[in-house]
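Accompanying notes for the structure given below.
Protein chains: 2
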Amino acid sequence: MNNFTYFNPTRLVFGKGSIAQLNELVPAEQSVLLTYGGGSIKKNGVYEQVKAALGDREVIEFGGIEANPRYETLMQAVKIVREKQARFLLAVGGGSVLDGTKFIAAAGRFEGEPWDILSKNAEVTSAIPVGSVLTLPATGSEANTFAVISRNSTQEKLAFGSPHCFPKFSILDPTTTFSLPPKQVRNGIVDTFVHVMEQYATFPSDAPLQDAQAEAIISVLIEQGPFTLKNPTDYNARANFMWAATQALNGVISAGVPQDWATHMIGHEMTAFYGLDHAETLAIVLPQLLRHQKPRKQLKLAQLARRVWDVSDLETAKAADAAIDHIEAFFHSLNMPTRLAEYKIDPADAAKKIGDRFAQRNSKFGDHADLTEKEAREILLKC
Amino acid sequence: MNNFTYFNPTRLVFGKGSIAQLNELVPAEQSVLLTYGGGSIKKNGVYEQVKAALGDREVIEFGGIEANPRYETLMQAVKIVREKQARFLLAVGGGSVLDGTKFIAAAGRFEGEPWDILSKNAEVTSAIPVGSVLTLPATGSEANTFAVISRNSTQEKLAFGSPHCFPKFSILDPTTTFSLPPKQVRNGIVDTFVHVMEQYATFPSDAPLQDAQAEAIISVLIEQGPFTLKNPTDYNARANFMWAATQALNGVISAGVPQDWATHMIGHEMTAFYGLDHAETLAIVLPQLLRHQKPRKQLKLAQLARRVWDVSDLETAKAADAAIDHIEAFFHSLNMPTRLAEYKIDPADAAKKIGDRFAQRNSKFGDHADLTEKEAREILLKC
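Residue numbers (our numbering), protein chains in the order written: chain A, -16 to 366; chain B, -16 to 366.
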C-alpha cells in the first residue's frame, strides 16, 4: 500500500426531509448566495424547501449555471459575490452547480486572474464557505475538493481541487431526485461507475480492502442502477444509488492505491470539442481504453469479472475481456451508447483534434503516467 | 435506508515514516501532554521518533495508561493538564491510550464531576484538542468520537462519545506494530471483526452498499488476519489489517443502518468483573449471542455465509448456522478461546453477576433495543 493522507471534513446529511436542517447548517445572519442551474428546483419543490429552511437570512440568487459550468457564467457570480459581500455560498443542484460554486468560492477570494486556478494550477489559499443540497447523484462533488470548469471561447474543460473547497455540508435527500429525467439518472450511474473504475482498474497494489470497497460500489450500481432508472420513486433504490455515488469519489477507495483518470482526460476533451454529456464521453472511452491497456490492467479486470460477474474457469486475459464486455453491456442496459458514430462523430476527427491538443500540451497521463497523444489517438480511433 | 448524518473530520496520515509529520500536525508553541501506556513505545523506537518530530515544543509526559484505562489513573492526568495548562494532547499507543486521552480531553474542560460524563451521559461541550499516533490496530478509536473507561472501585466499564473528541489527526504507521506481542494482534483482529458484526448482523435494512462494505472488511480480516499474525513484519499485510480496523468503526458501515452492540454490552461487564481482555470477551459472547438471536439475524448471517465463505445450496437457517460456525472457527484459527471455561470462569457465575447488574440498571439493548437481563443470562449460560 502507498502512503497517503485521508481527510474529508464534509458533513453529509442524508435522507428524506433533510433540507429542513439548512437552518442549523447555514450560518445565521450572513448573506447567502444561492446558486442553481436551469431552474428545475423551482418546479420540483426543492427551491421552496430551501427558502423555507433559510428563513429570514439575506439570500441573493444566482441561477443559470449550465451543465459543464462555464467560466464566463461563473465570473458573473464572482462579481456579485464581491459586490454584495456574500459570506456563504449554497449550491442547490447537481455536480455542475456544485463544481461551479466551488470555483466561485475560490475565485471570489483569489487575487489575480481566476482562470489561472484552472490553466496554471495557481494555488487556492482561501475560499468562501460552500454548502450544498445535492439533487443529482453522479459526480461526488458533494464530498470532495474537485471541480471541472469549461471555457467556451477556447473550447477548454479543466479541473482544479483545493482543500478549501470541501463543502462544509452536503444535504442528500433522495426524494429530490425522483423527478430527474431518465437521461440524467443514466448519466449519473455511468459517471459513478467510471469514477470507481478510474481508481480500481489500474496495476495491482496489494490493497484488498480498497479493492473490495470499489467492487462493493460497482455491485450496487449493477444491481440498483437499472432498477432505479425504471422505478424513479422507489426510495431505497434511489437512496442506495445516491450514497454509492458519494462513496465513489470521497477519497476512500483511492486511499493508498494508484489511480488512472485517463478516461476522464480524454472524455473532457470530447465534451470540449463536441458538447457530449460528460457521462456519454466516459461510456465511449472506457471500454476502448481498457481494451487498449488490457496487458497492464488485466489482473484487476479479471478479478472484477470473477467477483462481480461470477466469471469462472477462464484464464486471466479472457476473464479481463469478459469484464470489459460486461461493462459495455451494462452501459447498453442503461440505454447508454458506447460509440462516437452514434453521435455522428467521426473517430478520425476526434483522434486528430484531441491528439493534437494533447501533443500541444505534452500531456502524460494514466496510472503509469506514460500515456501520450499517441495512445489517445489509437484509443479514439477505436471509439 | 434510515436517515443519517455522517461526519468525520479526523485527518488520517497513513504509512511508514509518517510520524515525522507530527511537526506539521501538532500546533507549534503550545505545551503538549504526551500520553502513553506501559512503556513499549520506549523500546520500539516510537518514542524517539515522536520526540524528534515534536522538536523544541514543551512536552509533558504522562505514561502508565493501562489496558481498559481507569478513571482513577486518568484523573491524575486531568490534574496535570489543568495545572500545566496543556493545550494539546498527543496520545501514542493503542485504543486504551486513545480512549483514555479522549476522556482526559473532555474531563480537562468539564465543569462538575467528570464521572458524570460516563455514568450520567453528561454533555461534553468542549474538549482539549487530541491527536494520536496509533500503535495497535483494533478499536477504531483513532477515527471516531468514542471512548470506554473503567472504574476499579465500582467494577464498572462505561462508554461515552462526543464530536469534540474526534482526534484532529491520527498517524498510522504499520511498522510501529511489527513488535506487538501476537496476543495483542490476535485481539485487534477479533475486536475489528466484532465491530463489523455489531453493525452488520442485524435485521436487514435494504442498504446493499453498507452490507458490501462491511463484508469487504470481514473478507480482508479473514484473508489477512492469520497471515499477519504469523508474518508480523510483512508491511502490506499489517497495513491492510491496520486500515481495515480504522474503516470498521469510522461511521461508514453504520451510516443509515440498524446497529446492535449487545456483544459489547455483555463483554464490557465480563471485563469489569473478571478482567478478561476486551477482545477475549467479544470472542466468547458473539457466537452464543448470534445463536440465541438467530431467528432475528439469520437473513444477514446467511448472506454473510454465502458471500464470504461461499456457503451455497443451503436454506437460510442452515446457512446462518454455517456463518456462526465459520466465525467461531476463525477465532480459533487465531488461537482465540471462545468459552468462559477456558478462563476457569463459571458461566452460571457470569450469568448471575452480569444479569443482576443489567436488572439493576434496567438495561435494554440490541438492534431491537429489547434485550434485557433475561436474554443476557440465557446467552451467558451458553458461554
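We put the CB at the ideal spot given by N, CA and C, even for glycine.
Partner residues on chain A for L192 (chain B), Cβ-Cβ distance less than 7 Å: In the second sequence, residue 192 (chain B) corresponds to position 209, counting from 1. In chain order: A199, I200, V203, N223, W226, A227, Q230.
Continuous alpha helix (DSSP H) stretch holding S202 (chain B): start and end: The residue given as residue 202 (chain B) occupies position 219 in the second sequence. Its alpha helix (DSSP H) spans residues 191 to 213.
Where the alpha helix (DSSP H) through V291 (chain A) begins and ends: In the first sequence, counting from the first residue as 1, residue 291 (chain A) sits at position 308. From DSSP, the alpha helix (DSSP H) with V291 (chain A) extends over 277 to 291.
Short CB-CB distance (under 7 Å) between L(-5) (chain B) and chain A: Here residue -5 (chain B) corresponds to residue number 12 of the second sequence, with the count starting at 1. Interface residue, yes.
Contact between the stretch 210 to 221 of chain A and the stretch 7 to 16 of chain A (3+ Cβ pairs under 8 Å): no
Nonlocal neighbours in the same chain, by C-beta distance under 7 Å from Y30 (chain A), ignoring five residues either side: Mapped onto the first sequence, residue 30 (chain A) falls at position 47. If we look at Y30 (chain A) and ignore the five residues flanking it on each side, its Cβ neighbours are I24.
Classification of P164 (chain A) by the beta-carbon crowding that lies within 10 angstroms, buried from 16 upward: Indexing the first sequence from 1 puts residue 164 (chain A) at position 181. Exposed, since its Cβ has fewer than 16 Cβ neighbours within 10 Å.
Between the CA atoms of L72 (chain B) and P112 (chain B) - distance to the nearest angstrom: For this step, residue 112 (chain B) is matched to residue 129 along the second sequence. For this step, residue 72 (chain B) is matched to residue 89 along the second sequence. Cα to Cα, the separation comes out at about 6 Å.
As assigned by DSSP and simplified to three states, the class of S133 (chain A): By one-based count along the first sequence, residue 133 (chain A) stands at place 150. Residue state, collapsed to three classes: strand.
Cβ shell of P330 (chain A) (< 8 Å), same chain only, five flanking positions each side left out: The count along the first sequence starts at 1 and reaches residue 330 (chain A) at position 347. Excluding positions up to five away in sequence, the list reads L323, A324, L363, L364, K365, C366.
8 Å Cβ shell around H315 (chain A) - same chain, five flanking residues per side excluded: The residue you call residue 315 (chain A) lines up with position 332 of the first sequence. Once the five neighbours on either side are set aside, the close Cβ partners of H315 (chain A) are T321.
Uninterrupted alpha helix (DSSP H) stretches inside the stretch 306 to 361 of chain A (no shorter than 4 residues): 330 to 344
Limits of the unbroken beta strand (DSSP E) element including F93 (chain B): As a working mapping, residue 93 (chain B) is identified with position 110 in the second sequence. No beta strand (DSSP E) holds F93 (chain B); DSSP gives it neither H nor E.
For K140 (chain A): DSSP bridge partner residues: Translated into positions along the first sequence, residue 140 (chain A) becomes position 157. K140 (chain A) is bridged to A:S133.
6 Å Cβ shell around E356 (chain A) - same chain, five flanking residues per side excluded: Counting from 1 along the first sequence, the entry for residue 356 (chain A) is found at position 373. Closer than 6 Å at Cβ, skipping near neighbours: G338, F341, A342.
I43 (chain A) in three-state terms, based on DSSP: Taking the first sequence and counting its residues from 1, the one referred to as residue 43 (chain A) is at position 60. If DSSP states are grouped into helix, strand and coil, I43 (chain A) belongs with the strands.
Within 7 Å, strictly: CB atoms of V168 (chain B) and L212 (chain B): What you label residue 168 (chain B) is simply residue 185 of the second sequence in a count that begins at 1. What you label residue 212 (chain B) is simply residue 229 of the second sequence in a count that begins at 1. Cβ atoms of V168 (chain B) and L212 (chain B): closer than 7 Å.
Segment contact, 8 Å Cβ cut-off, at least three pairs: the stretch 180 to 200 of chain B with the stretch 220 to 237 of chain B: yes
Stretch pair the stretch 98 to 107 of chain B + the stretch 38 to 49 of chain B: three plus CB contacts closer than 8 Å: no
Whether D243 (chain A) touches T185 (chain A) by CB criterion (7 Å): Locating residue 243 (chain A) in the first sequence gives position 260, where the first residue counts as 1. Locating residue 185 (chain A) in the first sequence gives position 202, where the first residue counts as 1. Cβ atoms of D243 (chain A) and T185 (chain A): closer than 7 Å.
Inter-stretch contact at 8 Å, needing at least 3 Cβ pairs: the stretch 245 to 263 of chain B / the stretch 289 to 297 of chain B: no
Partner residues on chain A for F186 (chain B), Cβ-Cβ distance less than 9 Å: Numbered from 1 along the second sequence, position 203 holds the residue referred to as residue 186 (chain B). Per Cβ cutoff of 9 Å: no residues; F186 (chain B) is ~15 Å from chain A at best.
Assumed close pair A121 (chain B), N(-9) (chain B) - CB separation to whole angstroms, cut-off 8 Å: For the purposes of this step, residue 121 (chain B) is taken as the residue at position 138 of the second sequence. For the purposes of this step, residue -9 (chain B) is taken as the residue at position 8 of the second sequence. About 18 Å separates the two Cβ atoms, so there is no contact after all.
Bounding residues of the beta strand (DSSP E) (the contiguous stretch that carries V75 (chain A)): Walking along the first sequence from the start, residue 75 (chain A) turns up at place 92. 71 to 76 is the span of the beta strand (DSSP E), which, as asked, contains V75 (chain A).
Beta-carbon spacing of I200 (chain A), A222 (chain A) below 7 Å: The residue given as residue 200 (chain A) occupies position 217 in the first sequence. The residue given as residue 222 (chain A) occupies position 239 in the first sequence. For I200 (chain A) and A222 (chain A), no; Cβs fall outside 7 Å.
Under the three-state DSSP convention, the category G234 (chain B) falls into: Counting from 1 along the second sequence, the entry for residue 234 (chain B) is found at position 251. G234 (chain B): coil per DSSP, three-state reduction.
Residues of its chain near Q4 (chain B), where Cβ-Cβ distance is below 8 Å and the 5 sequence neighbours each way are ignored: In the second sequence, the residue the question calls residue 4 (chain B) occupies position 21. V(-4), A36, I154.
Beta-carbon spacing of H147 (chain A), A90 (chain A) below 7 Å: Reading the first sequence from its first residue, position 164 is the one you call residue 147 (chain A). Reading the first sequence from its first residue, position 107 is the one you call residue 90 (chain A). For H147 (chain A) and A90 (chain A), no; Cβs fall outside 7 Å.
Assigned exposure category for F161 (chain B) - 16 Cβ within 10 Å defines buried: As a working mapping, residue 161 (chain B) is identified with position 178 in the second sequence. Flag for F161 (chain B) reads exposed.
Environment of A312 (chain B) [buried if 16+ CB atoms lie within 10 Å]: Counting from one through the second sequence, the residue named residue 312 (chain B) turns up at place 329. With fewer than 16 other Cβ atoms within 10 Å, it is exposed.
Heavy atom of the ligand ADP within 6 Å of K335 (chain B) beta-carbon: Ligands displayed in this structure: none; no statement on the ligand ADP is therefore possible.
Rounded straight-line distance, which links the Cα of A333 (chain B) to that of L119 (chain A): What you label residue 119 (chain A) is simply residue 136 of the first sequence in a count that begins at 1. What you label residue 333 (chain B) is simply residue 350 of the second sequence in a count that begins at 1. About 53 Å.
Residue nearest to A352 (chain A) in terms of C-alpha spacing, selected from A:L117, A:R290, A:V33, A:R279: Translated into the one-based positions of the first sequence, residue 352 (chain A) becomes position 369. It is A:R279 whose Cα lies nearest to the Cα of A352 (chain A).
Candidates A:E7, A:S115, A:E66, of which the one nearest V80 (chain A) by Cα: Sequence index remark: in the first sequence, residue 80 (chain A) carries index 97 (1-based). Out of A:E7, A:S115, A:E66, A:S115 has the C-alpha closest to the C-alpha of V80 (chain A).
Any chain A beta carbon closer than 7 Å to T(-12) (chain B): Taking the first residue of the second sequence as 1, we reach residue -12 (chain B) at position 5. Judged by the 7 Å Cβ criterion, T(-12) (chain B) is in contact with chain A.
Assigned secondary structure, F152 (chain B) (DSSP; H/G/I helix, E/B strand, else coil): Here the question's residue 152 (chain B) lines up with position 169 in the second sequence. It is a strand residue.
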